[in-house]
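> Following this message is one structure expressed as structure tokens.
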Amino acid sequence: YQAMCKFIDDGIKEIIEKLEELDLKDNTIIVFTSDHGDFMGEHGLLGKGEMLESAYRIPFLIKFPNKIKFHNNNKFLWSSVDFAPTLLSIIGVEPRDYHQGFPFEGKYKRNVERKYIFAAADRFDEHYDQIRAVRDERYKYLRNYYVDKPYYLPLEYRENMNTMKEFLHLEEEGKLDSVQLQWFRKSKPQEELFDTFSDPHEIHNLAYNPDFREKLIELRGQCNMWIQATDDKGFIPEAEQIKTFWPNNILQH
133 YQAMCKFIDD
143 GIKEIIEKLE
153 ELDLKDNTII
163 VFTSDHGDFM
173 GEHGLLGKGE
183 MLESAYRIPF
193 LIKFPNKIKF
203 HNNNKFLWSS
213 VDFAPTLLSI
223 IGVEPRDYHQ
233 GFPFEGKYKR
243 NVERKYIFAA
253 ADRFDEHYDQ
263 IRAVRDERYK
273 YLRNYYVDKP
283 YYLPLEYREN
293 MNTMKEFLHL
303 EEEGKLDSVQ
313 LQWFRKSKPQ
323 EELFDTFSDP
333 HEIHNLAYNP
343 DFREKLIELR
353 GQCNMWIQAT
363 DDKGFIPEAE
373 QIKTFWPNNI
383 LQH
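Position one of the sequence shown corresponds to residue 133 (our numbering), numbered consecutively onward.
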């Protein structure tokens, strides 16, 4: 893990040194982000495509030149759909109407408190699943469409990782505890609800706890509205989608 972090640090250092060499550092907005990366034993390794916090949180850092300060706070709920409109706004370009997200910094910053963020998962390399998620500041709701599929999907890429091989070996040897074994459950509930404050590792499903029924209904409704508002294409069979990408097997530009 430390070696991976040092590799990233060395790469960032090389870029910054080049900006200094070209006398551009004081006139450059530096943005650092990433995909979900390689995981080292958390949920992410176990289910990189799952809708759990450790699997879909990604880094996003902005360094402004000339000591300009970023005005937001860490409690702001933001999503990847905000990247494009925010970067446009920072350089003084008005974001387009078709952006699903909104700018949280820059000339066209939206001073709107977002209550919910959303996420989706469908294809995982050679396997397919379908999960939708919504969360507010504290609670996370997940909807599993293929409840007959296990949490664990045997992805060839992942199973070639040494950490994954060891994890599978421990499962075969019966050396995993009850929490670790949750990943090997043969089916999923249709709905899941987690309190990310008191249960940060998202172990205890509250969806069927009557004490949380009101929150379940609230987030379920938000998920339904988001699916409709974004014209979610996940419900169209992949074979039909491919036909829209390549009518008559001809790539459209």
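A virtual CB, placed ideally from N, CA and C, is assigned to each residue, including glycine.
Out of curiosity, what's the CA-to-CA distance linking Leu220 and Glu269?
26 Å
> Using C-beta distances below 7 Å, list every residue in its chain close to Phe344, excluding the 5 sequence neighbours before and after it, in chain order.
Leu325 and Leu338
> Note down, in chain order, each residue of its chain lying with its Cβ closer than 6 Å to the Cβ of Ala135, except the 5 sequence neighbours on either side.
none
> Do Asp158 and Asn198 have their beta-carbon atoms positioned less than 9 Å apart in this structure?
yes
> Would you kindly work out how many angstroms separate the C-alpha atoms of Asp379 and Lys365, rounded to a whole number?
With the sequence shown as reference, residue 379 is identified as Pro, and Asp is not the correct amino acid for it. Their Cα atoms are separated by approximately 17 Å.
> Sorted by chain position, which residues of the same chain lie with C-beta nearer than 6 Å to Phe234's C-beta, five sequence neighbours on each side aside?
Pro217 and Arg242
> Can you tell me which of Lys138, Glu258, Ile263 and Ile147 puts its alpha carbon nearest to the alpha carbon of Pro321?
From the listed residues Lys138, Glu258, Ile263 and Ile147, the smallest Cα separation to Pro321 is found for Ile263.
> What residue range is occupied by the uninterrupted beta strand (DSSP E) comprising Arg275?
Tyr271 to Asn276
> Go to Thr362, then tell me how far its alpha helix (DSSP H) extends in each direction, as first and last residue.
That residue, Thr362, is in no alpha helix (DSSP H); it is neither H nor E in DSSP.
> I'd like to confirm the pairing. Which residues does DSSP put opposite Val163 in its beta bridges?
Ile194
> What's the C-alpha gap between Arg352 and Leu287?
30 Å
> In whole angstroms, what separates the C-alpha of Glu185 from that of Val266?
11 Å
> Helix, strand or coil: which one does DSSP assign to Val266?
strand
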